[in-house]
Amino acid sequence: VRAREDAVAVGIQAKYRVKAFLLRQGRRYPGQDGWTLAYRRWLADLSFPSTPQHVALQEYRDTIDEMERRLERLTEQLRQLVPTWRWAPVVAALQALRGISFITAVGLVAELGDLRRFRQPRELMAYLGLVPSEHSSGPSVRRGSITKAGNPHVRRLLAEAAWAYQ
């Protein structure tokens, strides 16, 4: 799960590098959304006057292609391994919830482990860093934003699941 997450991060960085390279060359995509099929066609049709520029763009595109293949390989390996995992029933149960995909469910279970170790939801929320911070003195109680003291991977997965639920 962590290897897949690392591959996603590397792929995002590679896409940023392509866009930065294109901006340095004064090339802007005329459409609105990036990394669509139309964007990729536009990227494939680009040509530059000098060979080094063309080589650099091709290397950037190859990096993105390799990261996407790596991501597919890791996802497929997870799909093959999860059915034999002792937590496979928990992964299947989590997928029944709206907004939680296979990857999200596997990530949650891999990061959290046995959920029975949390006696109450409050303990789980504290572990995830999803409890509000508090600054208290005497009768004055001020609550702030979430502490973010817990597991950032699970927190990100839950945020993505919430967005998918919407």
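In short: position in the sequence shown from 1, add 574, done, that's the numbering used here. Note that beta-carbon positions come from the ideal geometry of N, C-alpha and C, so glycine has one too.
| said: Quick check: the Cα distance between F676 and S714, rounded to an integer number of angstroms? | reply: Rounded to whole angstroms, the separation of the alpha carbons of S714 and F676 is 45 Å.
| query | Using 8 Å as the Cβ pair cut-off and three pairs as the minimum, do the region 726–736 and the region 679–686 touch? | reply | These segments touch.
| task | Please report the residue range of the alpha helix (DSSP H) in which R717 lies. | result | According to the DSSP assignment, R717 belongs to no alpha helix (DSSP H) but to the beta strand (DSSP E) extending over 714–720.
| C-alpha gap between G600 and I586, whole angstroms | The alpha-carbon atoms of G600 and I586 are separated by roughly 21 Å.
| said: Given this structure, state the Cα-to-Cα distance separating R693 from S707, to the nearest angstrom. | reply: Cα atoms of R693 and S707: separation of roughly 21 Å, rounded to the nearest angstrom.
| query | What does a CB cutoff of less than 7 Å around A581 pick up in its chain, not counting 5 residues either side in sequence? | reply | If you ignore the 5 residues before and after A581, its C-beta comes within less than 7 Å of the C-beta of M641, R644, L645, L648, all in its own chain and listed in chain order.
| message | At the level of alpha carbons, what is the spacing between D619 and A583? | response | The straight-line gap from Cα to Cα measures roughly 26 Å.
| said: Within 10 Å of its beta-carbon, does T678 have 16 or more other beta-carbons around it, so buried, or fewer, so exposed? | reply: Buried, by the Cβ-count rule.
| DSSP on P706, reduced to helix/strand/coil? | Assignment of P706 by DSSP, reduced to helix, strand and coil, places it in the strand class.
| query | In its own chain, which residues sit with a C-beta less than 8 Å from the C-beta of W616, not counting the 5 before and 5 after it? | reply | Correct list, in chain order: Y603, P604, G605.
| said: If distances are taken between C-alpha atoms only, which option among A662, A630, V680 comes closest to R578? | reply: That would be V680, whose Cα lies nearest to the Cα of R578.
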